[in-house]
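Chains as they are written, first to last, in our numbering: chain A, 1 to 198; chain B, 199 to 392.
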């Protein structure tokens, strides 16, 4: 198991700094954010979602958030797997998928006036074969989760199942996208606070 | 897929208790092993469809649950529980998770005794005027929830002006960030029902 705390590393928190001391007061949260990362990227069982697939989806998700140092970390991660050949493909898809969220529709009713339209992303036709059916479906689902989670519907689960994802694979895929949405925000928030305290 | 024809989705944000129905199959209670119970952390969670679905990946669920509990329940030297729940409710209001907002709005009301203000957040949305301190917490949570995130020095200054120290600001960052995790699971693996 890795011993370096990923959030501290990405947020630039130095041992002995005031943010290090503050994070130490939430030791269980700090330790388990790290364990979440390890459970997703160094799992005991990768049979429903391979390590290369995990790293591929991660680079796409983080790329959409536009945090350069976090993106560099996940780019290196993908480059170290069997999916290394997909780095450029994913970066091209990130460029196509980049937008601002959250947007999407509320259940029809009084909230409908708050509905906000936005990009409904699909993988480009000429990159589908390089990615394969499973990963193409995973990227489309990941984009939905990143930018318009309130649009999610049971049909999206069916799309993943028909692309070859198992129920367990869908749970881990969802956790991976949702965890990264957490991780990148903690990193960005702590980095901002660190800069304000410098 | 279970009980798909009995779902009655709420169409407004509410502090009422709601149910939640999965779109893919949770593990049946009879198939749970010790590995799954370790993932559930609290054995009673085996009764919940949501947790029996997430426990398909027990190691991730266990780490996620322990992260969640420390961020929200460990109030030593930090932000009061009410304001952590406010951050969770504001994030959920902005992302559009009616179920998550209902749970954490109730907690925010319970711990703050400001039920009407919490209801205004739900009714009017993230622009509701809830006083300097709560406005700063809501605004910071909303900025963090944007993709790409819009959280910046102005949010930090506003939180500091409202009286939060750096440890409390870290609690806001953790609580709001965590709900960007929770909202995406709740919204995409099933739906809420009245």
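Note that CB positions come from ideal geometry on N, CA and C, so glycine has one too.
Residue 355 of chain B burial status per 10 Å Cβ neighbour count (16 or more: buried): That one is exposed.
Spatially closest choice to residue 238 of chain B from B:353, B:390, B:317, B:265, by CA coordinates: Of B:353, B:390, B:317, B:265, the residue nearest in Cα terms is B:265.
Contained alpha helix (DSSP H) runs [length at least 4] in the region 225-302 of chain B, N- to C-terminal order: With a minimum length of 4 residues, the continuous alpha helix (DSSP H) runs that stay inside the region 225-302 of chain B are 232-238, 247-252, 256-271, 279-293.
Any chain B beta carbon closer than 8 Å to residue 22 of chain A: Yes, contact with chain B.
Short CB-CB distance (under 8 Å) between residue 174 of chain B and chain A: The structure shown has nothing for residue 174 of chain B, since chain B only spans 199 to 392.
Residue 130 of chain A vs residue 86 of chain A beta-carbon contact at 8 Å: Taking 8 Å as the cut-off, the Cβ atoms of residue 130 of chain A and residue 86 of chain A count as close.
Proximal residues, the region 269-291 of chain B versus chain A, C-beta separation under 8 Å: Result list: 269, 272, 274, 275, 276.
Through-space distance from residue 346 of chain B to residue 300 of chain B, alpha-carbon basis: When rounded, the separation of the alpha-carbon atoms in residue 300 of chain B and residue 346 of chain B is 26 Å.
Partners in chain B for residue 139 of chain A, counting only beta-carbon separations shorter than 9 Å: Neighbours of residue 139 of chain A on chain B: none; closest Cβ ~15 Å, over 9 Å.
Among A:56, A:194, A:96, nearest to residue 126 of chain A - alpha-carbon criterion: Here the closest residue by C-alpha is A:96.
Given 8 Å, three or more beta-carbon pairs between the region 140-147 of chain A and the region 227-235 of chain B: Result no; under three Cβ-Cβ pairs closer than 8 Å.
Cutoff 7 Å; reference residue 276 of chain B; Cβ partners in own chain excluding five residues on either side: The answer, listed in chain order, is 365, 366, 369.
Cβ contact check for the region 375-384 of chain B and the region 178-191 of chain A: 3 or more pairs under 8 Å: Judged by pairs of C-beta atoms under 8 Å, the region 375-384 of chain B touches the region 178-191 of chain A, as three or more such pairs exist.
CB contact check: residue 25 of chain A to chain B, cutoff 8 Å: So, interface residue.
Three-state secondary structure assigned by DSSP to residue 332 of chain B: Correct three-state label for residue 332 of chain B: helix.
Residues within the region 27-47 of chain A neighbouring chain B, beta-carbon criterion of under 9 Å: Within the region 27-47 of chain A, the qualifying residues are 27, 28, 29, 30, 31, 32, 33, 34, 35, 36, 37, 38, 39, 40, 43, 44, 45.
Ranges of the alpha helix (DSSP H) found wholly within the region 24-91 of chain A, counting only runs of at least 4: Counting whole runs of 4 or more residues, the region 24-91 of chain A contains the alpha helix (DSSP H) stretches 27-41, 51-65, 68-79.
Pair within 8 Å by beta-carbon distance, residue 154 of chain A and residue 221 of chain B: In contact: residue 154 of chain A and residue 221 of chain B (Cβ atoms closer than 8 Å).
Where residue 19 of chain A falls, given that 16 or more other Cβ within 10 Å makes a residue buried: Answer is buried; the Cβ neighbour count reaches 16.
Nearest-angstrom Cα separation, counted from residue 197 of chain A out to residue 287 of chain B: Note on geometry: alpha-carbon atoms of residue 287 of chain B and residue 197 of chain A lie some 28 Å from one another.
Where the alpha helix (DSSP H) through residue 390 of chain B begins and ends: Segment 388-391 is the beta strand (DSSP E) holding residue 390 of chain B; no alpha helix (DSSP H) there.
Buried or exposed by the 16-neighbour rule on C-beta atoms within 10 Å, applied to residue 204 of chain B: Taking every protein chain shown into account, the CB of residue 204 of chain B has fewer than 16 other CB atoms within 10 angstroms, so this residue is exposed.
Whole-number beta carbon distance between residue 183 of chain A and residue 37 of chain A, since they are thought to touch under 8 Å: Right, the Cβ-Cβ distance comes to about 7 Å (below 8 Å), so this counts as a contact.
Where residue 65 of chain A meets chain B, residues with beta-carbon distance less than 8 Å: Going along chain B in sequence order, the residues near residue 65 of chain A (Cβ under 8 Å) are 345, 346, 347.
Short CB-CB distance (under 8 Å) between residue 78 of chain A and chain B: For residue 78 of chain A, the answer is no, since every Cβ of chain B falls outside 8 Å of its Cβ.
Span separating the alpha-carbon of residue 99 of chain A from that of residue 121 of chain A: Residue 121 of chain A has its alpha-carbon roughly 10 Å from the corresponding atom of residue 99 of chain A.
Contact set between the region 163-178 of chain A and chain B, restricted to residues whose Cβ is under 7 Å from the partner: Taking 7 Å as the Cβ-Cβ cut-off against chain B, the residues of the region 163-178 of chain A that qualify are 167, 168, 170, 171, 172, 174, 175, 177, 178.
Interface positions of the region 290-310 of chain B facing chain A (Cβ-Cβ less than 9 Å), listed along the chain: Only those residues of the region 290-310 of chain B whose C-beta falls short of 9 Å from the nearest C-beta of chain A are listed: 292, 293, 294, 295, 296.
Validate contact between the region 304-317 of chain B and the region 385-392 of chain B using beta carbons, cut 8 Å, 3 pairs: No, they do not touch.
Which of helix, strand or coil DSSP assigns to residue 345 of chain B: In the structure shown, residue 345 of chain B sits in a strand (DSSP, three-state: E or B).
Residue 215 of chain B versus B:263, B:234, B:233, B:298, residue with shortest Cα-Cα distance: Ranking B:263, B:234, B:233, B:298 by CA distance to the CA of residue 215 of chain B puts B:298 first.
Alpha-carbon to alpha-carbon, residue 317 of chain B and residue 54 of chain A: Just so you know, the alpha carbons of residue 54 of chain A and residue 317 of chain B end up roughly 40 Å apart.
Residue-chain proximity (residue 17 of chain A, chain B), Cβ-Cβ < 8 Å: No, residue 17 of chain A does not count as interfacial toward chain B.
Residue 140 of chain A versus residue 123 of chain A - alpha carbon distance: When rounded, the separation of the alpha-carbon atoms in residue 140 of chain A and residue 123 of chain A is 7 Å.
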